[in-house]
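Numbering (full-length UniProt numbering), first residue to last: 1 to 336. Notes follow the structure.
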Amino acid sequence: MQDSKTPDPSPSQSSYFTYPVTYAVNGLLRRLAAEPSLSSSNSHASASTSMSPPTSLSQSLQSLASSTTASASSMMDSVFAPPPRRKASPFQPPPLTPLSLKGYKSSTREKGKLLSKALAEEIRLLVPPRLQLVDDWSLVYSLEQNGVSLATLYQKAEEFTGKRGGFVLVVRDAGGGIFGAYLSDAPKPSSHFFGNGECFLWRAHVLPSLPDLANLPPPPSADTTNAVRMTTIASPTHKFGTLNPPHSEQASRSGTSTPERIRFKAFPYSGINDYMMFCEHGFLSVGGGDGHYGLWLGDNLENGVSSTCPTFGNEPLSDEGTKFEVLGVELWYIGS
Numbered sequence: 001m002q003d004s005k006t007p008d009p010s011p012s013q014s015s016y017f018t019y020p021v022t023y024a025v026n027g028l029l030r031r032l033a034a035e036p037s038l039s040s041s042n043s044h045a046s047a048s049t050s051m052s053p054p055t056s057l058s059q060s061l062q063s064l065a066s067s068t069t070a071s072a073s074s075m076m077d078s079v080f081a082p083p084p085r086r087k088a089s090p091f092q093p094p095p096l097t098p099l100s101l102k103g104y105k106s107s108t109r110e111k112g113k114l115l116s117k118a119l120a121e122e123i124r125l126l127v128p129p130r131l132q133l134v135d136d137w138s139l140v141y142s143l144e145q146n147g148v149s150l151a152t153l154y155q156k157a158e159e160f161t162g163k164r165g166g167f168v169l170v171v172r173d174a175g176g177g178i179f180g181a182y183l184s185d186a187p188k189p190s191s192h193f194f195g196n197g198e199c200f201l202w203r204a205h206v207l208p209s210l211p212d213l214a215n216l217p218p219p220p221s222a223d224t225t226n227a228v229r230m231t232t233i234a235s236p237t238h239k240f241g242t243l244n245p246p247h248s249e250q251a252s253r254s255g256t257s258t259p260e261r262i263r264f265k266a267f268p269y270s271g272i273n274d275y276m277m278f279c280e281h282g283f284l285s286v287g288g289g290d291g292h293y294g295l296w297l298g299d300n301l302e303n304g305v306s307s308t309c310p311t312f313g314n315e316p317l318s319d320e321g322t323k324f325e326v327l328g329v330e331l332w333y334i335g336s
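Quick look at the structure:
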């Protein structure tokens, strides 16, 4: 047997393997040799730059102080000239045309009509602008004309489902109070809340008329030596206020003027929750949260509930308290 010997690597092969190692070592040595000089130059540069900012900063502060002092002295010496006032635009939107309430039958009693033009004008100012231009309101449902049934109200309102209009719900309680809500959608039975932030609750009542100053007794300091006895007979009062404006031949033609003896209060959407409208076959409700309804009506439209609710932050709408007896209900449609 012959001994096997490993062949010696050729010079070309050894140089092939040693060249990269030599190149890497030489590069590393050059890198280490260059770092001290680079670090020393960087330290000198940083030292020079760190010394320069204080000088420039002090100079800038001095120049700023001098300029501020000069400007302040010049402002004190000069005469104040107010800026020119902007002129109001001569173009004003036209007044709203008076409303027309359509839907009452000729046989409907006056005390059975809940919504007057004066009250409708107050509500009109709070509805969306696109609906303020509508001057014809249509009666959808009336307890006086259509009977006592929430199902009938739903059936009458179904005709307007899907239209870009609004609805005004009007309620009268046993104490003669008038209140209600503006609804962005037609009331209908649903398994969830619906409506948007355009909804709001409202209430209104008639203020007592101001006494005639001519019939008031004279003050204590007045001379009553020759005074004669006068007796004032009060006018009869009515249980239910009609909220109708007093007749006047010089009434304004603008649709936004209302008599001062109507106090109107509205409660807009608060943004706390989205419980605007919730209706079932057994009840109709507007506003809710924390176990309270802003306005709730039963299926027979005989009893109702109104409490403070987070949706509108309202006060109870009825003066009778949280629970009230319903004597009248109307639903009006605003739109084309």
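Every residue, glycine too, gets a C-beta built ideally from N, C-alpha and C.
When secondary structure is reduced to three states using DSSP, K163 falls in the coil class, being assigned neither helix nor strand. Pairing S307 with R86, the inter-Cα distance amounts to about 47 angstroms. Residue environment: E302 is assigned as exposed (fewer than 16 neighbouring CB atoms within 10 Å of its CB, all protein chains considered). Taking a cut-off of 8 angstroms on C-beta distances, the stretch 314 to 329 touches the stretch 171 to 186, as three or more cross pairs fall below it.
For E315, there is no enclosing beta strand (DSSP E), since its DSSP letter is neither H nor E. One alpha carbon belongs to T311, the other to R203, and they sit about 16 angstroms apart. For F160, the CB contacts under 6 angstroms within the same chain, skipping 5 residues up- and downstream, are A186, Y333 in chain order. A distance below 7 angstroms between beta-carbons, with the five flanking residues on each side excluded, links L99 to the following residues of its chain, in chain order: K117, A120, E121, R124, D135, W137, G255. If you draw a straight line from the Cα of A65 to the Cα of L201, it comes to about 60 angstroms. For the pair G313 and L207, the Cα-to-Cα distance works out to about 24 angstroms. With respect to Y141, A157 sits close: the two C-beta atoms are nearer than 8 angstroms.
Between E320 and L114, the CB-CB gap reaches or exceeds 8 angstroms. In its chain, beyond the 5 residues on either side, G166, I334 have a beta carbon closer than 6 angstroms to the beta carbon of L131.
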